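Heads up, the sequence shown is in the working numbering, so the first residue is 13 and it goes up one at a time.
For every residue, glycine included, the Cβ atom is placed at its ideal position computed from N, Cα and C.
The model shown is predicted, which means the values in this text are computed figures rather than measured ones.
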Amino acid sequence: MEIRVEKTKTPREKPDFKNLGFGKYFTDHMFLMDYVEGEGWKDARIVPYGPLELDPSCMVLHYGQEIFEGMKAYPCDGKILLFRPEMNARRMNSSAERLCMAQIPEELFIEGISELVKLDRDWIPTEEGTSLYIRPFMISTQNGLGVHASKSYKFIVILSPVGAYYPEGLNPVKIYVEDEYVRAVKGGTGFTKCGGNYAASIIAQSKAADKGYTQVLWLDGVERKYIEEVGTMNVMFKIDGEVVTPKLEGSVLPGVTRDSCLKLLGEMGIPASERKLSIDELIEAYRAGKLEEAFGTGTAAVISPIGELYYEGEKMTIGGGKIGPVSQKLYDTLTGIQWGKLPDTLGWVREVK
Ligand code: COI
Numbered sequence: 013m014e015i016r017v018e019k020t021k022t023p024r025e026k027p028d029f030k031n032l033g034f035g036k037y038f039t040d041h042m043f044l045m046d047y048v049e050g051e052g053w054k055d056a057r058i059v060p061y062g063p064l065e066l067d068p069s070c071m072v073l074h075y076g077q078e079i080f081e082g083m084k085a086y087p088c089d090g091k092i093l094l095f096r097p098e099m100n101a102r103r104m105n106s107s108a109e110r111l112c113m114a115q116i117p118e119e120l121f122i123e124g125i126s127e128l129v130k131l132d133r134d135w136i137p138t139e140e141g142t143s144l145y146i147r148p149f150m151i152s153t154q155n156g157l158g159v160h161a162s163k164s165y166k167f168i169v170i171l172s173p174v175g176a177y178y179p180e181g182l183n184p185v186k187i188y189v190e191d192e193y194v195r196a197v198k199g200g201t202g203f204t205k206c207g208g209n210y211a212a213s214i215i216a217q218s219k220a221a222d223k224g225y226t227q228v229l230w231l232d233g234v235e236r237k238y239i240e241e242v243g244t245m246n247v248m249f250k251i252d253g254e255v256v257t258p259k260l261e262g263s264v265l266p267g268v269t270r271d272s273c274l275k276l277l278g279e280m281g282i283p284a285s286e287r288k289l290s291i292d293e294l295i296e297a298y299r300a301g302k303l304e305e306a307f308g309t310g311t312a313a314v315i316s317p318i319g320e321l322y323y324e325g326e327k328m329t330i331g332g333g334k335i336g337p338v339s340q341k342l343y344d345t346l347t348g349i350q351w352g353k354l355p356d357t358l359g360w361v362r363e364v365k
């Protein structure tokens, strides 16, 4: 599809790339295209970044048919690299299927992103620990108050130069194990990246923040017994020499970083398994001195060590305030591949041309 480009006449002021935080600044342009049932995707365009005009009855504002993705672009000797973008395209379509939204052809998804990133390449930060965060998302755009699948959608991509997601950076974060609210149940939308999952999580996140914790660790929605994921990342634990992460059974997000870490652990010869892990088993391992490392994985979070878990009155401190050796090795290998500094033996990196 041809992409129409309208360049900005008023370029935005660039932020201090050494002090970016996460998701606070946006680049000069955005990518959009529209879908109409019976016609397909059309009017692909890159235009100056700015507000959207929506009718107040627009369905997304009432029933929340909205899905998104998180990706990053990395600089490498004058080239721009994307990391496994086809995985994001596929997950976007799996979210779209669950929410009865339009499918986007994989190559069109990647082409729109690539053209936008090329145009705004001056916004890609190069400092250690920074990157250009890519936020593709889709909203329903039909007007009206009846509850049904929309007949029209808008796909949009915005870009944000970012630093670490958590202010802690690579220092361990403190996590509150949530035992009252739940995030997802099998048969629901837990495996999708829909805005509603995050909207429902905010109450627990605020509760955790009030108690001095950075994030929430979710337990399963039925028994509140099995570990699922952290608010903004998947989670892995090294127990007695083996890395364990919750199995994907419909309520956990199939993270691209999660999948990449499992494959890298395999390459490194470090035992890893995807299985059910109860909070009781984790506590038992902790008490027996066998909980060696805990860390989150995510596009925004990269590898984020967990230094403390709080569950029903008990504090579990892990790793003595430092990142563990396996977490550090995963971080170095993953970011090394993403930045083109290590050989891409698994064929994960795609140059934006
Ligand atoms: C990501 O890791 O890209 C995410 O989408 C997590 C988040 C900031 C909601």
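In terms of Cβ geometry, Gln-227 and Val-247 do not form a close pair [threshold 7 Å].
Look at Gly-33: its beta carbon is at least 6 Å from all of the heavy atoms in the ligand COI. From the listed residues Ile-239, Ser-164 and Ala-176, the smallest Cα separation to Glu-190 is found for Ile-239.
For Asn-246, the enclosing beta strand (DSSP E) covers residues 246-251. Ala-85 sits close to Leu-144, with the two beta carbons spaced by under 7 Å. In this structure, the ligand COI has no non-hydrogen atom nearer than 6 Å to the beta-carbon of Gly-202. Here Val-314 carries a strand assignment [DSSP, helix/strand/coil].
Distance from Asn-100 to Val-364 at the Cβ level is roughly 14 Å; contact not present, criterion being Cβ atoms closer than 8 Å. With 16 or more other CB atoms across the displayed protein chains lying within 10 angstroms of its CB, Cys-70 is buried.
By the criterion of a C-beta distance shorter than 7 Å, Leu-354 is surrounded in its chain by Thr-345 and Gly-348, once the five residues flanking it on both sides are discounted. If you look at Val-72, you'll find it in the alpha helix (DSSP H) that goes 72-75.
For Leu-274, the uninterrupted alpha helix (DSSP H) segment begins and ends at 268-280. The closest heavy atom of the ligand COI lies less than 6 Å from the beta carbon of Gly-82.
DSSP places Met-13 in the coil class of the three-state scheme, outside both helix and strand.
In the structure shown, the three-state DSSP call for Ser-218 is helix.
Looking at the DSSP output, Asp-46 sits in a beta bridge with Lys-54 and Lys-166. Using a Cβ distance threshold of 7 Å, Thr-257 and Arg-110 do not count as a contacting pair.
Distance from Phe-307 to Ile-318 at the Cβ level is roughly 6 Å; contact confirmed, criterion being Cβ atoms closer than 8 Å. In this structure Pro-283 is in contact with Glu-254, their Cβ atoms being roughly 4 Å apart against a cut-off of 8 Å. Cα atoms of Leu-73 and Trp-360: separation of roughly 36 Å, rounded to the nearest angstrom. The alpha-carbon of Gly-181 is positioned some 35 Å away from that of Gln-115.
Less than 7 Å separates the beta-carbon of Pro-137 from that of Pro-173. By the C-beta density criterion, Pro-337 is exposed, having fewer than 16 other C-beta atoms within 10 angstroms. Tyr-165 and Val-159 have their C-alpha atoms spaced approximately 15 Å apart.
A check of alpha carbon separations from Trp-351 across Ser-263, Cys-88 and Gly-141 identifies Cys-88 as the nearest.
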